Amino acid sequence: MKIAVIIKQTPDTETVVKINDAGNDIVGTGVKYVMSPYCEFAVEEALRTKEKLGGEVVVVSLGPDRVLETIRTALAMGCDRAIHLKDPAYEGGDGQATAKALAAALKTVSPDIVFAGKQAIDGDQSQVAVRVAELAGLAQATIVTALEIAADGKTAKATRRSEGGGEVVELKLPALISCEKGLNEPRYASLPGIMKAKKKEVKELKPAELGLEGQVGAAGAKAKRVKLLPLAERKAGRRIEAETPEAAAAELVRLLREEAKVL
Amino acid sequence: MDFFDNFLDDTHRALRDTCRRFAEKEIAPHAEEWEEACSFPRALYRKAAEAGVLGIGFPEELGGGGGGALHAVMACEGMMYGRSTGVVVGLGSLGIGLPAIIQSENPDLHERFARPVLAGEKIASLAITEPGTGSDVAGLTTRAVRDGDHYVVNGSKLFITSGVRADVLTTLVRTGEDVHGGLTFLVIEKDMPGVRVSRALKKTGWWASDTAELSFEDVRVPIANRCGEEGSGFVTLMRNFQTERLGLAAYGSATAEIAFEEARRYVKERRAFGKPISAFQVTRHKLADMATRVLAAKTLTYQIAHRMDQGDYIPTEVSMAKNVAAETAVSVTYDAVQLFGGMGYMRETWVERLSRDARLIPIGGGTQEIMKEIIAKSMGL
Ligand SMILES: Cc1cc2nc3c(=O)[nH]c(=O)nc-3n(C[C@H](O)[C@H](O)[C@H](O)COP(=O)(O)OP(=O)(O)OC[C@H]3O[C@@H](n4cnc5c(N)ncnc54)[C@H](O)[C@@H]3O)c2cc1C
Numbered sequence: 046m047k048i049a050v051i052i053k054q055t056p057d058t059e060t061v062v063k064i065n066d067a068g069n070d071i072v073g074t075g076v077k078y079v080m081s082p083y084c085e086f087a088v089e090e091a092l093r094t095k096e097k098l099g100g101e102v103v104v105v106s107l108g109p110d111r112v113l114e115t116i117r118t119a120l121a122m123g124c125d126r127a128i129h130l131k132d133p134a135y136e137g138g139d140g141q142a143t144a145k146a147l148a149a150a151l152k153t154v155s156p157d158i159v160f161a162g163k164q165a166i167d168g169d170q171s172q173v174a175v176r177v178a179e180l181a182g183l184a185q186a187t188i189v190t191a192l193e194i195a196a197d198g199k200t201a202k203a204t205r206r207s208e209g210g211g212e213v214v215e216l217k218l219p220a221l222i223s224c225e226k227g228l229n230e231p232r233y234a235s236l237p238g239i240m241k242a243k244k245k246e247v248k249e250l251k252p253a254e255l256g257l258e259g260q261v262g263a264a265g266a267k268a269k270r271v272k273l274l275p276l277a278e279r280k281a282g283r284r285i286e287a288e289t290p291e292a293a294a295a296e297l298v299r300l301l302r303e304e305a306k307v308l
Numbered sequence: 004m005d006f007f008d009n010f011l012d013d014t015h016r017a018l019r020d021t022c023r024r025f026a027e028k029e030i031a032p033h034a035e036e037w038e039e040a041c042s043f044p045r046a047l048y049r050k051a052a053e054a055g056v057l058g059i060g061f062p063e064e065l066g067g068g069g070g071g072a073l074h075a076v077m078a079c080e081g082m083m084y085g086r087s088t089g090v091v092v093g094l095g096s097l098g099i100g101l102p103a104i105i106q107s108e109n110p111d112l113h114e115r116f117a118r119p120v121l122a123g124e125k126i127a128s129l130a131i132t133e134p135g136t137g138s139d140v141a142g143l144t145t146r147a148v149r150d151g152d153h154y155v156v157n158g159s160k161l162f163i164t165s166g167v168r169a170d171v172l173t174t175l176v177r178t179g180e181d182v183h184g185g186l187t188f189l190v191i192e193k194d195m196p197g198v199r200v201s202r203a204l205k206k207t208g209w210w211a212s213d214t215a216e217l218s219f220e221d222v223r224v225p226i227a228n229r230c231g232e233e234g235s236g237f238v239t240l241m242r243n244f245q246t247e248r249l250g251l252a253a254y255g256s257a258t259a260e261i262a263f264e265e266a267r268r269y270v271k272e273r274r275a276f277g278k279p280i281s282a283f284q285v286t287r288h289k290l291a292d293m294a295t296r297v298l299a300a301k302t303l304t305y306q307i308a309h310r311m312d313q314g315d316y317i318p319t320e321v322s323m324a325k326n327v328a329a330e331t332a333v334s335v336t337y338d339a340v341q342l343f344g345g346m347g348y349m350r351e352t353w354v355e356r357l358s359r360d361a362r363l364i365p366i367g368g369g370t371q372e373i374m375k376e377i378i379a380k381s382m383g384l
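The listed protein sequences correspond, in order, to chains A and B.
Under our numbering, the first residue of the first sequence is numbered 46, with each subsequent residue one higher.
Under our numbering, the first residue of the second sequence is numbered 4, with each subsequent residue one higher.
Below you can see the structure in the form of structure tokens.
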């Protein structure tokens, strides 16, 4: 089984991010970067698939130097080798430009199955995995919470989460699975795994090597982020004073309805 | 670039990250509950073993996490983010319980004890201290008398970390009259007839870790459970004190660092007299002092670990590092509590817990005074 997993490095959810002077990106310095949590489910599922059906897991990621640390984490968890799309030309892309680069890199692997996070927790666009599947001509199931791959590696049955319910779909491989929380419990990178990861291959591929010069990054983007909006400042809480619990509850309901307008 | 680049490589940082993530996910959400209950679920040992964070510094061949002294320091730093030193030292009691077993180079002891402990299936403790003797280790009186292919053990042990639940008690006993040469390590199993937990002790800090008084009454221990030659116990203990003291130095500097981080955050949020308390010069200077002491303790701890990884035997410097970290832990947590004001005295704050936990560092694993004895002895006065 040829297994691939595409991962993204994102700021840690705990990090307080600042918006740059131009107002269109975050300030990178002082930010702690981690593997986007949904990508962890993808890596775990890729490793479990290998453990069950054999084969090799190739991890693919796009981004600057710092991304190597996240690639090493995936290798330390047990992935076999990596492709790092690293070049200034890859920067500043939209979902389409990034997907184009990733799809081309996946072509060099010709995977039977590709795993991805259902979304990255920074941009929250949920575009890349879907576009990669489309560009690479793969069947796809998104927001997957359970997966069964047939022993012959030809088909898979995926359970998808949808608002308030779910559905089960059958796919022909090769296919892409975008992973949702609940699919599995990601493992930790152990010290022996961390040691081994240092010696695993991380191959860098430039746009020219993928035949994509001038088509990736900002040059290949069809949409451009022009502005980031800061989180609204949290307002101070309000205390409800009332004689009885009943009166307090009634006042709370009134405020939720009339002021917060959430009821 | 990081200040500690000369000591730490990617494997150290990645391991600290793994341990911190494990602790934040598996320990921190339960820290309050487990601290108040003075215990934590036994299943956590296995979970930690599976995640590869239980036996850092122990050989992979026996199911350990691998790595050296500096890796063990990193693991300690990461695990402290579980917000319960008690859980960390409870999980960590194998760090002092296993070395004598591993160093015996006896495959039978390795298979029966080291492997299940490193897999998180059994719990190990080190039992040295007795009601009548602590600092003066060689004064211990728990006696083991040969009877055929067994030893018959009588005596008691006090303040034994994880002792209430431990299955494997690596116990220092007296097998001969020679003050130092008459001491031997035996592995006493909890289910052997005559082994009793006489008390679970209530403590100032380290609440989630149990601490026991144990008694041995005519316990028949097979000779096969002896670590190394008869009479080799004291030398083994002295050697293993180095890792134990480095471990305590690591707890000390990590405790201080977290207390400092907590205080730095709090002084920016808390306001008095119309401004954040970080605006007062005394506060700023206090934090400057705290940061300075933390850096000094950490640097010394890292340097000692680094040298131990090179194979150096440096008991004088190890003792110095333990004392610096102990003083730092106590003083920085004291200052942090002070900066928190009344909140610092409340059980719901982390600094309150840390300040109680820190008090053990100058006492356990050899007291501050005993460290000074070791340091002074090396001066040829
Ligand atoms: C929470 C906790 C966990 C522990 N866990 C373990 C464990 O897992 N296994 C284990 O075996 N032990 C354990 N201990 C015991 C610990 O190692 C001892 O408490 C410590 O070594 C001190 O011994 P003591 O308590 O008998 O103090 P004592 O030796 O009675 O010392 C009392 C005081 O006298 C001072 N003193 C003693 N001798 C001298 C001297 N020569 N010069 C100057 N001053 C001196 C000491 O520094 C101290 O201030 C634990 C203790 C605690 C509190």
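Even glycine gets a Cβ: it sits at the ideal position worked out from N, Cα and C.
Quick caveat, the model's predicted, so the values are computed rather than measured.
- Checking the 7 Å criterion, the Cβ of B/Ala130 is within range of a heavy atom belonging to ligand 1.
- Relative to B/Ala252, the option among B/Met382, B/Glu320, B/His288 whose CA is nearest is B/Glu320.
- For the segment 242-263 of chain A, the residues whose beta carbon sits under 9 Å from a beta carbon of chain B are, in order, Ala242, Lys243.
- Bridge pairing for B/Asn228: absent [DSSP].
- Using a Cβ-Cβ cut-off of 8 Å, A/Ile239 counts as an interface residue toward chain B, since at least one Cβ of chain B sits closer than that to its own.
- Between A/Ile52 and A/Cys84, the C-beta spacing is below 8 Å.
- Within the same chain, and ignoring the five residues on either side of A/Glu212 in sequence, the residues whose Cβ sits closer than 7 Å to its Cβ are Arg205.
- The criterion of a C-beta distance shorter than 8 Å is not satisfied by A/Ala281 and B/Ala17.
- For A/Tyr135, no CB of chain B lies under 8 Å from its own CB, so it is not counted at the interface with that chain.
- Going by DSSP, A/Met46 is part of no beta strand (DSSP E) at all; its letter is neither H nor E.
- Listed by position along chain B, the residues whose Cβ is nearer than 8 Å to that of A/Tyr233 are Thr21, Arg24, Phe25, Ala54, Gly55, Val56.
- Excluding its 5 nearest sequence neighbours in each direction, B/Gly69 has C-beta neighbours in its own chain below 6 Å: Glu63, listed in chain order.
- Linking B/Arg86 to A/Ala305 through their CA atoms gives a straight-line distance of about 36 Å.
- A check of alpha carbon separations from A/Thr190 across A/Lys202, A/Leu183, A/Leu236 identifies A/Lys202 as the nearest.
- Classified as buried, B/Gly95 has 16 or more neighbouring CB atoms from the shown chains inside 10 Å of its CB.
- C-alpha of B/Gly93 to C-alpha of A/Ser171: approximately 43 Å in a straight line.
- Comparing C-alpha distances from A/Gly238 to each of A/Val112, A/Thr118, A/Glu96 shows the shortest one belongs to A/Thr118.
- In this chain, B/Thr178 is not harboured by any beta strand (DSSP E), its DSSP state being neither H nor E.
- B/Asp12 and B/Pro119 have their C-alpha atoms some 31 Å from each other.
- For secondary structure counted as the alpha helix (DSSP H) over 4 or more consecutive residues, the segment 274-308 of chain A holds these complete runs in sequence order: 290-303.
- Per DSSP, the unbroken beta strand (DSSP E) holding A/Tyr78 starts and ends at 78-80.
- Here the alpha carbon of B/Ile131 sits roughly 26 Å from the alpha carbon of B/Gly66.
- Interface criterion met: the Cβ of A/Thr118 is under 8 Å from a Cβ in chain B.
- Between B/Gly98 and chain A, the shortest Cβ-Cβ separation is not below 8 Å.
- Assignment of B/Pro365 by DSSP, reduced to helix, strand and coil, places it in the coil class.
- Residue state for A/Ala67 is assigned as coil, using DSSP reduced to three classes.
- If you look at B/Asp150, you'll find it isn't in any alpha helix (DSSP H); it sits in the beta strand (DSSP E) that goes 146-150.
- The DSSP-derived three-state label of A/Glu90 is helix.
- Partner residues in the beta bridge of A/Arg206, as assigned by DSSP, are A/Gly211.
- Between B/Gly250 and B/Ala31, the C-beta spacing is not below 8 Å.
- Residue contact check for A/Leu236 against chain B: a CB pair falls below 8 Å.
- The contact set of A/Ala121 on chain B, defined by CB atoms closer than 7 Å, consists of Ala17 in chain order.
- As summarised for the segment 163-199 of chain A, the continuous alpha helix (DSSP H) elements at least 4 residues long and confined to that stretch are 173-180, given in chain order.
- Contact check for B/Arg267 and B/Leu290: beta-carbon distance about 6 Å, within the 8 Å limit, so the pair qualifies.
- Relative to ligand 1, the nearest heavy atom lies less than 7 Å away from the CB of B/Thr214.
- Under the 10 Å beta carbon count, B/Arg287 is surrounded by fewer than 16 other beta carbons and is classified as exposed.
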